[in-house]
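Chemist: Start counting the sequence shown at 6; every next residue gets the next number (the working numbering). Glycine included, each C-beta is placed from N, C-alpha and C at the ideal position.
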Amino acid sequence: MSQILQGVRELQDLLNQLKDAERRLNEIPDWMTELHQEHSARQSEIAALEEVAENAGRERRAAEAAVQDAQEKLKKYQQQISKVSNQREYGALLQEIDAVKVQISTQEEAALGSLDSAETAQKNLTELREAFRELDERYSAELARWESEKPEVARQVEALRLRVAEIKGSLPRGRLSQFDRILDRYPGGALSQIRIIERPGKGQREWHCSACNYRIRPQVLVEIRAGNELIQCDSCKRILFIEESP
Ligand SMILES: [Zn+2]
Numbered sequence: 006m007s008q009i010l011q012g013v014r015e016l017q018d019l020l021n022q023l024k025d026a027e028r029r030l031n032e033i034p035d036w037m038t039e040l041h042q043e044h045s046a047r048q049s050e051i052a053a054l055e056e057v058a059e060n061a062g063r064e065r066r067a068a069e070a071a072v073q074d075a076q077e078k079l080k081k082y083q084q085q086i087s088k089v090s091n092q093r094e095y096g097a098l099l100q101e102i103d104a105v106k107v108q109i110s111t112q113e114e115a116a117l118g119s120l121d122s123a124e125t126a127q128k129n130l131t132e133l134r135e136a137f138r139e140l141d142e143r144y145s146a147e148l149a150r151w152e153s154e155k156p157e158v159a160r161q162v163e164a165l166r167l168r169v170a171e172i173k174g175s176l177p178r179g180r181l182s183q184f185d186r187i188l189d190r191y192p193g194g195a196l197s198q199i200r201i202i203e204r205p206g207k208g209q210r211e212w213h214c215s216a217c218n219y220r221i222r223p224q225v226l227v228e229i230r231a232g233n234e235l236i237q238c239d240s241c242k243r244i245l246f247i248e249e250s251p
C-alpha cells in the first residue's frame, strides 16, 4: 500500500481517537449520564419550589402592607367622624369606612392564604432537600471520580494532537487538503473500505464501497491496489482502501 494512503488511514484513525478522547474530557461520561439527568431534574424541582415559596412570601408581604395602609385610612376616617357637620358628610364617611373595612378583611384573607402556601411550599422544600442530599453526595463522588480521570485523558489528547500534527506534516499538501475536504463533508470519516459482495446466482464477486454501497469498477480496483494515488469512490467520493487478507 502506498505511503500516502497508509498515512491518510493513520491520520483518520488518530483523528477518531482524538475526537473520542476530547469527548471523554468534555462531556458527561456515559457511566454518569443517568445520575446527571436525575440530579439535574431534582435540582430544577427544588428551584421551582423555591420560587413558589418566594412568590408566596412576596404576596404575603404585599397583602400585609395593604392591610396596614387600610388600617391607617380607617383610623383617619374614624377621627373625622367627630368633625362632620351634616348628615350628608356623615353618610359619605360611613360609606368610606365600610369600604376600607372590606379592604382590610380581603387583604387579611389574602395574607393568610399566602402564608399557608408559603408554609406548604417550605415543608415540601425541606422534604425534597432531605431526599436530595443522598443523591447529591453520590453525584459529587462521581464528579470527583470523573475529575480524577481527566488529567490522564488530557495527556492522551495532547499526545494525539502531536501525532496528528506530525502525520499532517508528513503528507503532501495537495493530498492533505484532498483529505480535509472529504472529511469536512463526512465528519464521521473520510475513508471507506471496499468489500467483496458475492453474487451467488451469477457466480460473480463484486467490490463495493462499504460506506455508500456503490459498485467499484474493475479499473478502480486496479488503481486502489496499485496504491499510487488516493482513489475516491465514484459515488460518495470517500477515499477508498482495501484490507488485503494476509
Ligand atoms: Zn462510496
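Quick one: what does DSSP say Arg47 is sitting in, helix, strand or coil?
Modeler: Locating residue 47 in the sequence shown gives position 42, counting from the first residue. The answer is helix: DSSP assigns Arg47 an H, G or I state.
Chemist: Can you give the beta carbon distance from Ala253 to Arg243, rounded, assuming they're within the 8 Å contact cut?
Modeler: Nothing in the structure corresponds to residue 253, since the chain is present only between 6 and 251.
Chemist: Using the Cα positions of Pro34 and Trp151, report the straight-line distance between them to the nearest angstrom.
Modeler: Residue mapping note: residue 34 aligns to position 29 of the sequence shown, counting from 1. Residue mapping note: residue 151 aligns to position 146 of the sequence shown, counting from 1. The straight-line gap from Cα to Cα measures roughly 8 Å.
Chemist: Using DSSP with H/G/I as helix, E/B as strand and the rest coil, what is Ile201?
Modeler: Along the sequence shown, one-based indexing puts residue 201 at 196. Here Ile201 sits in strand by DSSP.
Chemist: Between the stretch 57-75 and the stretch 113-124, are three or more C-beta pairs nearer than 8 Å?
Modeler: Yes, the stretch 57-75 touches the stretch 113-124.
Chemist: Given a cut-off of 8 Å on the beta-carbon distance, is the pair Val162 and Leu30 in contact?
Modeler: Translated into the one-based positions of the sequence shown, residue 162 becomes position 157. Translated into the one-based positions of the sequence shown, residue 30 becomes position 25. Closer than 8 Å, so yes.
Chemist: With 16 as the cutoff for other CB atoms within 10 Å, does Cys214 come out buried or exposed?
Modeler: Residue numbering aside, residue 214 sits at position 209 when the sequence shown is read from its first letter. So Cys214 ends up on the buried side.
Chemist: Once DSSP output is grouped into helix, strand and coil, what is the label at Leu235?
Modeler: Indexing the sequence shown from 1 puts residue 235 at position 230. Looking at Leu235 - three-state DSSP - the assignment turns out to be coil, as it is neither helix nor strand.
Chemist: By Cβ distance, which residues of its chain are closer than 8 Å to Val57, with the 5 residues on each side in sequence left out?
Modeler: Your numbering for residue 57 matches position 52 in the sequence shown. Taken in chain order, the residues that qualify are Ser122, Ala126.
Chemist: Counting only runs that start and end within the stretch 143-231, where is the beta strand (DSSP E) found for 3 or more residues in a row?
Modeler: The stretch 143-231 contains these whole beta strand (DSSP E) runs: 196-204, 209-214.
Chemist: What does the alpha-carbon distance come out to for the pair Arg210 and Phe246?
Modeler: Within the sequence shown, residue 210 is the residue found at index 205, counting from 1. Within the sequence shown, residue 246 is the residue found at index 241, counting from 1. Between Arg210 and Phe246, the C-alpha separation is close to 17 Å.
Chemist: Examine the Cβ distances between the stretch 137-157 and the stretch 35-50 and report whether three or more of them are shorter than 8 Å.
Modeler: Because the criterion of three Cβ pairs below 8 Å is met, the stretch 137-157 and the stretch 35-50 touch.
Chemist: Would you list the residues sitting across from Ile244 in a DSSP beta bridge?
Modeler: Position 239 of the sequence shown, counting from 1, holds the residue named residue 244. Bridge partners of Ile244: Leu196, Gln237.
Chemist: Where does Val13 land, buried or exposed, given buried means 16+ other C-beta within 10 angstroms?
Modeler: Locating residue 13 in the sequence shown gives position 8, counting from the first residue. Classification of Val13: buried, given that the 10 Å Cβ count is 16 or more.
Chemist: Going by Cα to Cα distance, which pick from Ser240, Leu181, Leu176 is closest to Asn218?
Modeler: The residue you call residue 218 lines up with position 213 of the sequence shown. It is Ser240 whose Cα lies nearest to the Cα of Asn218.
Chemist: At what residues does the alpha helix (DSSP H) containing Lys88 begin and finish?
Modeler: Here residue 88 refers to the residue found at position 83 when the sequence shown is read from its first residue. Premise fails: Lys88 is in no alpha helix (DSSP H) and is neither H nor E.
Chemist: Please go through the same chain and pick out, in chain order, the residues whose beta-carbon is closer than 7 Å to the beta-carbon of Ser119, but skip the five residues on each side of it.
Modeler: The residue labelled residue 119 in the question sits at position 114 within the sequence shown. Around Ser119: Ala61, Glu64, Arg65, Ala68.
Chemist: What do you reckon, are the CB atoms on Leu165 and Leu23 nearer than 8 Å?
Modeler: Sequence index remark: in the sequence shown, residue 165 carries index 160 (1-based). Sequence index remark: in the sequence shown, residue 23 carries index 18 (1-based). Result yes, Cβ atoms of Leu165 and Leu23 sit closer than 8 Å.
Chemist: In the DSSP assignment, find the unbroken alpha helix (DSSP H) run with Ile9 in it and report its ends.
Modeler: To locate residue 9, count along the sequence shown from 1; it is residue 4. Counting along the chain, the alpha helix (DSSP H) containing Ile9 begins and ends at 8-31.
Chemist: Kindly indicate which three-state DSSP category Glu249 falls into: helix, strand or coil?
Modeler: Within the sequence shown, numbered from 1, the residue matching residue 249 stands at position 244. Coil, per DSSP.
Chemist: Quick one: Cα of Leu130 to Cα of Gln48, how far?
Modeler: As a first step, residue 130 is located in the sequence shown; it is residue number 125 there, counting from the start. As a first step, residue 48 is located in the sequence shown; it is residue number 43 there, counting from the start. Whole-angstrom Cα-Cα distance: 11 Å.
Chemist: Tell me, to the nearest whole angstrom, how far the beta carbon of Ile51 is from that of Arg186; I am working on the premise that it is less than 8 Å.
Modeler: For the purposes of this step, residue 51 is identified with residue 46 of the sequence shown, where counting begins at 1. For the purposes of this step, residue 186 is identified with residue 181 of the sequence shown, where counting begins at 1. Going by Cβ atoms, the distance from Ile51 to Arg186 rounds to 50 Å, so no, they are not a contact pair.
Chemist: Out of curiosity, what's the CA-to-CA distance linking Glu248 and Ile199?
Modeler: Residue numbering aside, residue 248 sits at position 243 when the sequence shown is read from its first letter. Residue numbering aside, residue 199 sits at position 194 when the sequence shown is read from its first letter. Answer to the nearest angstrom: the Cα atoms are 8 Å apart.
Chemist: What separation, rounded to the nearest whole angstrom, lies between the Cα atoms of Val107 and Leu40?
Modeler: Position 102 of the sequence shown holds residue 107. Position 35 of the sequence shown holds residue 40. Cα to Cα, the separation comes out at about 53 Å.
Chemist: Out of Arg28, Glu59, Arg178, Glu77, state which residue places its alpha-carbon closest to the alpha-carbon of Glu124.
Modeler: Taking the sequence shown and counting its residues from 1, one reaches residue 124 at position 119. Nearest of Arg28, Glu59, Arg178, Glu77 to Glu124, Cα basis: Glu59.
Chemist: Which residues in the same chain have their Cβ closer than 8 Å to the Cβ of Ile236, if we skip the five residues on either side of it in sequence?
Modeler: One-based indexing of the sequence shown puts residue 236 at position 231. So the qualifying residues of the chain are Val225, Glu228, Ile229, Ile244, Leu245.
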